[in-house]
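Chemist: Residue numbers (the working numbering): 8 to 410.
Here's what the structure looks like:
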């Protein structure tokens, strides 16, 4: 077995399962889970119809690069959403969801033979695939803390120069998981300057870009690159998917876009890896990327849900409406002394509500304490009534004061 597998840490939901082991929740409450960020809104019928109509494509092997019609669907969406013009032949690729692409991109980009201890950097807290991708590429993960006082902006200034010099890949997530923070143009400018100086690749995870609560939609890394006079998207790959945007997590469909040289190498890797998108999935994806009305409706549902839930929780938790995404990133009351695990376990036992301890989504490091400690992540993915019921139970739980 690959010895690097031994470096992988248990996934957050495995840790949650262990935390709840032996706990029997109060039987008078029906279970409500705010733990897993899996969209629960209905999949639009037209996407399912397109999937069914495309089943004839199962009789042929799909092309790893995808058909031109599929890649053009990606570039048309990028133009409508961000006013960007990309070449469908060289600057986009289909992927089987952003999760597999995030992992495989690191295997493509990282050259562990080029220097001792190459670094793959990510925000802290973070999506755990970033860490696993770094470890299995032979790199050393480096976690950069997010700053609550700055709307959870990543503190790039805290990274020493010697670490930047070893960095080959930087994962960013905007809108962020779990914080919901959106990177500003100034933050992108700083990161691009660092990339130019040190030569690292930026992987911009943008899978939550279509769920937002302000009038102005979140800025894409590609959009920022263009605004800052970088039309070739040098050393930048943006990744997005249909899972959250179109409520099709089981479709496993997304795309990457950006630097044509990186796309070329990524295509070569994926050809050998066998990462081709099924023709039936491609047909459904073309339909989904071509329609915005269902996205507007989906966003309206989340806006209504967050408008109902956030005011209920604000008096009892350190929480506010995020910029985007479908998470609330909340600080637990001071009486819990920062013990997010104990809070989550007691809430589950007493009120049968599942939340994810924030410490499971972050790491202690030599340069900072675990920034998720003392926080919980709540995924408001269920219907509004169920999320409101969960919030009301959390309010009762906090006010009860029982540990």
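Where is the CB? At the ideal position from N, CA and C, for every residue including glycine.
Based on the DSSP output, what are the partners of residue 147 in its beta bridges?
Modeler: 126
Chemist: Beta-carbon within less than 7 Å of residue 54's beta-carbon, same chain only, minus the 5 sequence neighbours each way: which residues are those?
Modeler: Around residue 54: 253, 255, 291, 294 and 295.
Chemist: Would you identify the three-state DSSP class for residue 79, choosing helix, strand or coil?
Modeler: helix
Chemist: Cα separation between residue 152 and residue 177?
Modeler: 13 Å
Chemist: Skipping 5 residues on each side, what residues in its chain have a beta carbon closer than 7 Å to that of residue 360?
Modeler: 39, 41, 354, 397, 400 and 401
Chemist: How do the region 197-210 and the region 239-248 stand: do at least 3 beta-carbon pairs fall below 8 Å, yes or no?
Modeler: Result yes; three or more Cβ-Cβ pairs closer than 8 Å.
Chemist: If you check the beta carbons only, do residue 99 and residue 240 fall under 7 Å apart?
Modeler: The Cβ atoms of residue 99 and residue 240 do not sit closer than 7 Å to each other.
Chemist: Please classify residue 119: is it buried, with 16 or more other beta-carbons within 10 angstroms of its beta-carbon, or exposed?
Modeler: By the beta-carbon neighbour count (other beta carbons within 10 angstroms, threshold 16), residue 119 is exposed.
Chemist: Taking residue 249 as the reference, which of 9, 327 and 217 has the closest Cα?
Modeler: 217
Chemist: Per DSSP, what kind of secondary structure is residue 387 in: helix, strand or coil?
Modeler: coil
Chemist: Under 7 Å Cβ to Cβ from residue 394, same chain only, skipping five residues before and after it: list those, please.
Modeler: Cβ within range, chain order: 312, 316 and 387.
Chemist: What ranges does the beta strand (DSSP E) occupy inside the region 84-126, keeping only unbroken runs of at least 3 residues that lie completely in it?
Modeler: Within the region 84-126, the complete beta strand (DSSP E) runs of at least 3 residues are 99-102.
Chemist: Going by the beta-carbon positions, is the gap between residue 225 and residue 166 smaller than 7 Å?
Modeler: No.
Chemist: Taking only runs of the alpha helix (DSSP H) that begin and end inside the region 240-280, which ones reach a length of at least 4 residues, in chain order?
Modeler: 250-253 and 267-280
Chemist: In whole angstroms, give me the CA-to-CA distance for residue 175 and residue 18.
Modeler: 24 Å
Chemist: Do you know how far the Cα of residue 109 is from the Cα of residue 145?
Modeler: 15 Å
Chemist: Going by Cα to Cα distance, which pick from 161, 103 and 125 is closest to residue 169?
Modeler: 125
Chemist: Taking residue 219 as the reference, give the member of 72, 33 and 328 with the closest Cα.
Modeler: By alpha-carbon distance to residue 219, the top candidate from 72, 33 and 328 is 328.
Chemist: Three or more beta-carbon pairs under 8 Å between the region 221-235 and the region 271-279, yes or no?
Modeler: Judged by Cβ distances under 8 Å, the region 221-235 makes no contact with the region 271-279, as fewer than three pairs qualify.
Chemist: State the CB to CB distance for the pair residue 337 and residue 325, rounded to an integer number of angstroms; the pair is presumed to be in contact (CB under 8 Å).
Modeler: Correct: roughly 6 Å between the Cβ atoms.
Chemist: So, with DSSP's three-state summary, where would you put residue 333?
Modeler: coil
Chemist: With C-beta atoms as the reference, is residue 302 less than 7 Å away from residue 258?
Modeler: no
Chemist: Within the continuous alpha helix (DSSP H) that includes residue 289, where are the two ends?
Modeler: Unbroken alpha helix (DSSP H) run through residue 289: 286-296.
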